[in-house]
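In what follows, a single structure is set out as structure tokens and then discussed.
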Amino acid sequence: MSLRTRVPAHSAQRGASAVALEAYNNEEYWDISPIGSATGKVTISWDDFRNPSITASENVNVFSVAHLTGGNWLNEGSNASGILAAGSVTSEAISSWSPFTLGAIPGAGMPVTMVGFDGRIVENGALLEWQTTSEANASHFEVERSTDARTFQKIGSVVATGYSSGPQRYSFVDKSFGSQRQTVYYRLRSVDFDGTFSLTRAISLKPESNAGMAGVYPNPAGKSTSVTVTSRVPADKVSLWDLLGRQIPVRTSQMPDGSVQVGLTGVVPGAYVLKVATGHGTESRKLIIE
């Protein structure tokens with residue numbers, strides 16, 4: 001999700017020099033555009049429902065305002081307050097504007113860097129899938145479920161790889177999903193060996209839906225300049241991500257038959273994740289560009 005806003009011009013001075021981050025929230029960002037020549041501060045908040053996967057430390061002081069600059073997410077200030085369940089962090093004075101999100105400064109001790117967490121309905125229940133790009137001292141993942149997006153209960157667990165510097169994929173099937181008659185919310189609790197943990201954002205699935213992608217073609221894309229995504233329900237958003245959790249800018253076009261065409265011009269060959277968001281949830285497909 002991205003939100004665009006505009007800020008009025010006022011005077012302030014640029015704060016401390018920005019430095020590289022250890023992690024950042026790859027689920028959402030805010031694209032802020034100034035009105036005229038503006039300088040100001042950015043405050044980003046979090047809560048228990050919209051708790052990004054980077055909140056792995058018990059110390060909220062590791063959180064910072066992450067600023068996309070020159071293709072990299074940099075730290076623009078870590079004046080944080082609150083607790084892991086709810087809080088906010090404010091940047092130093094900023095005079096150059098582009099996307100912002102929540103970040104974590106080096107030394108946060110992140111046991112897991114997660115690319116994404118998605119769910120879809122399958123014949124025997126709800127299939128939950130996620131991927132990590134690195135793990136350090138990671139013990140396991142606890143799958144939690146809720147019907148009100150506030151009170152969650154553990155329904156299962158998956159053992160983590162523990163230590164890894166490359167992509168690791170996981171899945172879990174909630175076989176009792178078919179008995180549900182209302183929207184079901186899921187989230188992951190990533191637990192370290194010392195007991196510290198982080199929570200992903202919550203995703204939702206509707207039992208009455210039969211959502212899911214019918215196809216992505218061609219795949220592998222070969223020398224094609226675009227791929228076509230078809231879905232059983234209208235797609236609200238289609239996005240392309242690399243295996244490090246970075247969103248790749250692409251142009252999408254809604255076709256008369258309801259499919260979505262995704263332009264690949266300028267995208268370097270490699271493995272990517274194509275995410276399709278509908279009113280019933282988000283589904284991911286691996287896309288190979290040759």
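Under UniProt numbering, think of the first position of the sequence shown as 1, with each following residue one higher. Think of the CB as a built atom: it goes at the ideal place given N, C-alpha and C, for glycine as much as any other residue. Just so we're clear, the structure is a prediction, and the values are computed from it rather than from any experiment.
- Look at Phe-177 here: in three-state DSSP terms it is helix.
- In this structure, the CA atom of Lys-206 is about 15 Å from the CA atom of Val-173.
- For the options Thr-90, Ile-121 and Ser-224, the alpha carbon positioned closest to that of Ser-204 is the one of Ile-121.
- Using a C-beta cut-off of 8 Å, the segment 183-191 makes contact with the segment 146-163, since at least three inter-stretch Cβ pairs fall below that distance.
- Assignment of Val-62 by DSSP, reduced to helix, strand and coil, places it in the helix class.
- Asn-79 and Val-42 have their alpha carbons spaced roughly 11 Å apart.
- Going by C-alpha positions, Gly-119 is about 42 Å away from Gly-36.
- Note that the C-beta distance between Gly-263 and Ser-226 is below 7 Å.
- Check the Cα spacing between Ser-45 and each of Ser-98, Ala-38, Ser-64 and Tyr-186: the tightest is with Ser-64.
- Boundaries cannot be given for Ala-93, as no beta strand (DSSP E) includes it and DSSP labels it neither H nor E.
- Between Thr-200 and Phe-117, the gap from beta carbon to beta carbon is short of 7 Å.
- Contact between Val-273 and Ser-284 holds, since their C-beta atoms are separated by about 5 Å, short of 8 Å.
- In the displayed model, Glu-28 falls within coil according to three-state DSSP, outside both helix and strand.
- Using a Cβ distance threshold of 7 Å, Ala-202 and Ala-126 do not count as a contacting pair.
- Listed in chain order, the beta strand (DSSP E) runs fully inside the segment 111-190 are 112-122, 125-135, 138-146, 153-159 and 168-174, counting runs of at least 3 residues.
- Annotated three-state conformation of Thr-101 is strand, per DSSP.
- Contact between the segment 90-108 and the segment 23-32 is present: three or more C-beta pairs spanning the two stretches fall below 8 Å.
- Considering only Ala-23, Ser-96, Asp-47 and Glu-92, the residue with the shortest C-alpha distance to Pro-34 is Ser-96.
- Just so you know, the alpha carbons of Asn-124 and Gly-178 end up roughly 8 Å apart.
- Per DSSP, the beta bridge partners of Ala-80 are Val-89.
- Judged by their CB atoms, Asp-236 and Thr-278 are nearer to each other than the 7 Å cut-off.
- Assignment of Lys-275 by DSSP, reduced to helix, strand and coil, places it in the strand class.
- Under the DSSP definition of a beta bridge, Thr-282 partners with Ala-277.
- Val-216 is bridged by DSSP to Val-229.
- A distance of 7 Å or more separates the beta carbons of Asp-31 and Ala-86.
- In the DSSP assignment, Thr-252 falls within the unbroken beta strand (DSSP E) covering 252-254.
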